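Student:
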Amino acid sequence: MQLELRNNGLFRIQDGEERKISDPICVLFRVRSDDRIRSSGVLCEWLNLDGYSVQEVFLMKILNGSQSMLIRERLLDSGFWIETGIDTWKLIQQYLVQESRKASTATIVERTGWHREVFVTPSWISGRSDEPYLYLSPRVAPNFQQKGSLDDWRQEVGRFCRGNPYLIFAIGCALTGPLLKPAGLENGGIHIVSNSADGKTALLQVCASVCGGSDFMKSWSGTANGIAAVASEHHDLVLPLDEIGMAKAEDIDTCLYQIFNGAGKLRADKTGKLAESEHWRVLVLSSGEKWLSEIFESLGRSPMAGQEVRLIELPVIGQHGVLNDLHSFSTPQKAIDHLKSASARTYGALLRSFIELITTDVVDLNQYVPKELQRIVDSWLLPDSSSQVQRVTRRFALILVALQLASRNFLVNWSEDESEQAVHSLYRVWLGSRGHLMNLEEYSLLQKIGGVLAKWDKRLAKEGDVYRPTSIGYRRFIDGEELWLIHKDEFLKGLNLPTHYMRDVELLFRRQCLESNERSRGTYKLKMSGRYYRFFALWPDRVRQAMLKMEQVDDE
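In the UniProt record's numbering, the protein residues as written are 1 to 556.
(1) Using the Cα positions of A537 and I486, report the straight-line distance between them to the nearest angstrom.
(2) For P332, which residues does DSSP report across the bridge?
(3) Where does F260 sit, in a helix, a strand or coil, going by DSSP?
(4) Where do the N-terminal and C-terminal ends of the beta strand (DSSP E) with I125 fall, by residue?
(5) If you run the structure through DSSP and keep just helix, strand and coil, what is D242?
(6) Using 8 Å as the threshold, is the C-beta distance between H235 and W280 below it?
(7) Quick one: Cα of D504 to Cα of I399, how far?
(8) Going along the chain, which unbroken runs of the alpha helix (DSSP H) with 4 or more residues stay wholly within the region 468 to 552?
(9) Note down the Cα distance separating G16 from E4, rounded to an integer number of angstroms.
(10) Please classify P122: does DSSP put it in a helix, a strand, or coil?
(11) From G329 to A170, what does the alpha carbon distance come to, in whole angstroms?
(12) So W114 is in the alpha helix (DSSP H); what residue range does that whole segment cover?
(13) Spell out the partners DSSP gives F11 in its beta bridges.
(14) Exposed or buried, Y532, counting other C-beta atoms within 10 Å across all chains shown (16 or more means buried)?
(15) What residues match up with Y135 in a beta bridge as DSSP calls it?
(16) In terms of residue numbering, what span does the beta strand (DSSP E) encompassing W46 cover?
(17) In terms of residue numbering, what span does the alpha helix (DSSP H) encompassing S425 cover?
(18) Out of L548, E313 and Q67, point me to the one whose CA is closest to H191's CA.
(19) Could you tell me if I478 is buried or exposed, where buried requires 16 or more neighbouring beta carbons within 10 angstroms of its beta carbon?
(20) If we call anything under 8 Å between Cβ atoms a contact, is L136 one with V57?
(21) Whole angstroms is fine: what's the gap from R515's alpha carbon to P383's?
(22) What did DSSP end up calling P315 once you bin it into helix, strand or coil?
(23) In three-state DSSP terms, what is I355?
(24) Between which two residues does the alpha helix (DSSP H) holding R395 run?
(25) Do the region 405 to 415 and the region 383 to 392 meet, that is, are 3 or more Cβ pairs less than 8 Å apart?
(26) Where does R154 fall in DSSP's three states?
(27) What's the gap between the Cα of L175 and the Cα of V31?
(28) In the DSSP assignment, find the alpha helix (DSSP H) that holds I168 and state where it starts and stops.
(29) For G127 and L75, I'd like the C-alpha separation in whole angstroms.
(30) Name the two residues that bound the continuous alpha helix (DSSP H) containing A231.
(31) So, using beta-carbon positions, are R162 and N324 closer together than 8 Å?
(32) Is DSSP giving E56 helix, strand or coil here?
(33) Please return the same chain residues whose Cβ sits closer than 7 Å to the Cβ of K340, not counting the five positions on each side in sequence.
(34) Taking just the CA atoms, how far does L63 sit from A275?
(35) Do V423 and G172 have their beta-carbon atoms positioned less than 8 Å apart in this structure?
(36) Quick one: give me the first and last residue of the beta strand (DSSP E) that residue 583 is part of.
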């Protein structure tokens, strides 16, 4: 028995007799996952009864398994003709399995972004590879469709970004997602904060127009329950999230953790084994009228330092909201309305052109991006910048790296210099809004100390004086410098520090504001009147010097 594919159908030939089994169906490729050990299957192509070409991947575990009838039903549903007969499907199944061994290979991927040297989206693929890559995902993918050319987008949207740093910055965010991997940067985001009617939604729509249609932009309220799936769909891309104030505070808390953790929840598969969790790299561009502190206040707490560093807050201070230059528009609202409508008319071309650029024309992305990133960071970073400020500086710098690549290769309407001016100006806005160069934990602790220094000063006795019940400790002078010995319990109570306080007081040791003779405890042990007491030994003048530096963010 032999199975033979002809122009007019698939035939069985046996003992000199021919029998048509179905219309023609071709195996184009044998497919499998990028790691070569999962998702084995075949990419098939057929014409339906209306003459439409249909292509679909059938996984081998279904095609050659107990659920193969699902594929038969899919073929019939598409309009593929199968002759009647008890054995027709078995013969088609046999033919497809046999052909899979002869077919050329292709790689299938289940999410967007980088796969080896190839960048994959549901609509197009770019990069160098020895074999084709195919996108196959059970999820609904973001809208990567392209409408209009790059010139159309430049004319309708891009030219109005000149003179408007927030618009240039938003486009830079859209181009930064694909550079997260070569830069080695963590997941992060920027939250644009301003009053209503300042153009924040239009800003996110312009950002989304770089990548695809209006569906590319999401809302906080609409994605709160499925944030892992949404983040995974935007792997190696920007994720625009509008109106943070419309979501519940507890949902935002969960979303922030999941997005920036870069992984979904651990779940069990049907056999009870640990299923493979989803992972993603993503840059979030968020908007809203509320600050994170306002959102978390409703939960009875403040945002953690890690959350405030991962999702930094950028206030809008433009002359007309997110706009400075209205170009030919008579009012800010008319300019905003145009940007919204133009973003819905032409979209998707810039990201595709940018990806084609970095997958073909940039010699070694993995060397170029980190080197250029560090050059920018070195030129921007102020002295005494903390590790948290350095992390955020790298995020702004990477946005500039993306924009300069686009400017240098004439993908956008403005120069490299204007790209740098735009991003650096907003970096300074963020730094000014933050108000200091310290890590947030250290800043918070120094603020607490600043609030109690005067009270403590009044309640300290001189060493050797008669101890008063109202005293909280003693003061002594060492080489002319004052040292306060504050009873351990009073110190912890005054600063509202937990029982396990070492993480907090370690910040003071780093600035040499504390003295200790039992370093593992952080305290100063003294024998007085035959008994041992524990104090915190604080150098108040050093604390005051540190507090002066809290506000030293130099203006340029």
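Cβ atoms here follow ideal geometry from the backbone N, Cα and C, with glycine treated the same way. What you are looking at is a predicted structure, and each value in this text was computed from that prediction instead of being measured.
Tutor: The short version:
(1) Indexing the sequence shown from 1 puts residue 537 at position 537. Indexing the sequence shown from 1 puts residue 486 at position 486. Each residue's Cα considered, the two are about 6 Å apart.
(2) On the sequence shown, residue 332 is found 332 positions in, with the first residue counted as 1. BP columns for P332 are empty, so no partner.
(3) Position 260 of the sequence shown, counted from the first residue, corresponds to residue 260. Correct three-state label for F260: helix.
(4) The residue given as residue 125 occupies position 125 in the sequence shown. Counted as a single uninterrupted DSSP element, the beta strand (DSSP E) harbouring I125 occupies residues I125 to G127.
(5) Taking the sequence shown and counting its residues from 1, one reaches residue 242 at position 242. The answer is strand: DSSP assigns D242 an E or B state.
(6) Translated into positions along the sequence shown, residue 235 becomes position 235. Translated into positions along the sequence shown, residue 280 becomes position 280. With a cutoff of 8 Å on beta-carbon distance, H235 and W280 are scored as near each other.
(7) The residue given as residue 504 occupies position 504 in the sequence shown. The residue given as residue 399 occupies position 399 in the sequence shown. Cα to Cα, the separation comes out at about 33 Å.
(8) Complete alpha helix (DSSP H) runs here, min 4: 488 to 494, 502 to 510 and 540 to 550.
(9) Along the sequence shown, one-based indexing puts residue 16 at 16. Along the sequence shown, one-based indexing puts residue 4 at 4. For G16 and E4, the distance between alpha carbons rounds to 13 Å.
(10) Numbered from its first residue, the sequence shown carries residue 122 at position 122. It is coil, neither helix nor strand.
(11) Residue numbering aside, residue 329 sits at position 329 when the sequence shown is read from its first letter. Residue numbering aside, residue 170 sits at position 170 when the sequence shown is read from its first letter. It should be pointed out that residue 329 corresponds to Phe in this sequence rather than to Gly. Taken atom to atom, the span from the alpha-carbon of F329 to that of A170 is near 21 Å.
(12) As a first step, residue 114 must be located in the sequence shown, where it is residue number 114. Run containing W114: none in the alpha helix (DSSP H); it sits in the beta strand (DSSP E), G113 to H115.
(13) The residue given as residue 11 occupies position 11 in the sequence shown. In the DSSP output, where bridge partners are listed per residue, F11 has E4 and K20.
(14) The residue you call residue 532 lines up with position 532 of the sequence shown. In this structure Y532 is exposed. Its beta-carbon is surrounded by fewer than 16 other beta-carbon atoms within 10 angstroms.
(15) On the sequence shown, residue 135 is found 135 positions in, with the first residue counted as 1. For Y135, DSSP records a beta bridge to V109.
(16) As a position in the sequence shown, residue 46 is number 46, starting the count at 1. In the DSSP assignment, W46 falls within the beta strand (DSSP E) that extends over G41 to L47.
(17) As a working mapping, residue 425 is identified with position 425 in the sequence shown. Boundaries of the alpha helix (DSSP H) harbouring S425: E416 to R434, taken from the DSSP string.
(18) Working through the sequence shown from its first residue, we reach residue 191 at position 191. Answer by Cα proximity: E313.
(19) In the sequence shown, the residue the question calls residue 478 occupies position 478. Sixteen is the threshold: since fewer than 16 other Cβ atoms of the shown chains lie within 10 Å of the Cβ of I478, the residue is exposed.
(20) Along the sequence shown, one-based indexing puts residue 136 at 136. Along the sequence shown, one-based indexing puts residue 57 at 57. With contacts defined as CB atoms closer than 8 Å, L136 and V57 qualify as a contacting pair.
(21) Taking the first residue of the sequence shown as 1, we reach residue 515 at position 515. Taking the first residue of the sequence shown as 1, we reach residue 383 at position 383. In the sequence as displayed, the identity of residue 515 is Glu instead of Arg. If I take the Cα positions, the gap works out to 26 Å.
(22) For the purposes of this step, residue 315 is taken as the residue at position 315 of the sequence shown. Note: P315 maps to strand in three-state DSSP.
(23) For the purposes of this step, residue 355 is taken as residue 355 along the sequence shown, with counting starting at 1. The three-state secondary structure of I355, taken from DSSP, is helix.
(24) Here residue 395 is taken as the residue at index 395 of the sequence shown, counted from 1. Its alpha helix (DSSP H) spans residues S387 to R408.
(25) At 8 Å Cβ cutoff, the stretches do not touch.
(26) For the purposes of this step, residue 154 is taken as the residue at position 154 of the sequence shown. In the structure shown, R154 adopts helical secondary structure according to DSSP, grouped into three states.
(27) One-based indexing of the sequence shown puts residue 175 at position 175. One-based indexing of the sequence shown puts residue 31 at position 31. Approximately 30 Å, taken between the alpha carbons.
(28) As a working note, residue 168 is residue 168 in the sequence shown. Run containing I168: P165 to T176, per the alpha helix (DSSP H) assignment.
(29) Indexing the sequence shown from 1 puts residue 127 at position 127. Indexing the sequence shown from 1 puts residue 75 at position 75. So the two alpha carbons sit approximately 32 Å from each other.
(30) For the purposes of this step, residue 231 is identified with residue 231 of the sequence shown, where counting begins at 1. Residue range I227 to E233 is occupied by the alpha helix (DSSP H) that includes A231.
(31) Taking the first residue of the sequence shown as 1, we reach residue 162 at position 162. Taking the first residue of the sequence shown as 1, we reach residue 324 at position 324. Not closer than 8 Å, so no.
(32) Within the sequence shown, the letter at position 56 stands for residue 56. In the structure shown, E56 sits in a strand (DSSP, three-state: E or B).
(33) Position 340 of the sequence shown, counted from the first residue, corresponds to residue 340. Excluding residues within five positions, the ones whose Cβ falls inside 7 Å are A202 and Q205.
(34) Numbered from its first residue, the sequence shown carries residue 275 at position 275. Numbered from its first residue, the sequence shown carries residue 63 at position 63. At A275, the pLDDT of 47 sits below 50, so the modelled position is not reliable; the number obtained from the coordinates is stated separately. In a straight line, the C-alpha of A275 is about 23 Å away from that of L63.
(35) Taking the sequence shown and counting its residues from 1, the one referred to as residue 172 is at position 172. Taking the sequence shown and counting its residues from 1, the one referred to as residue 423 is at position 423. Going by C-beta atoms, G172 is nearer than 8 Å to V423.
(36) Outside the displayed range of the chain (1 to 556) lies residue 583, so it cannot be described from this structure.
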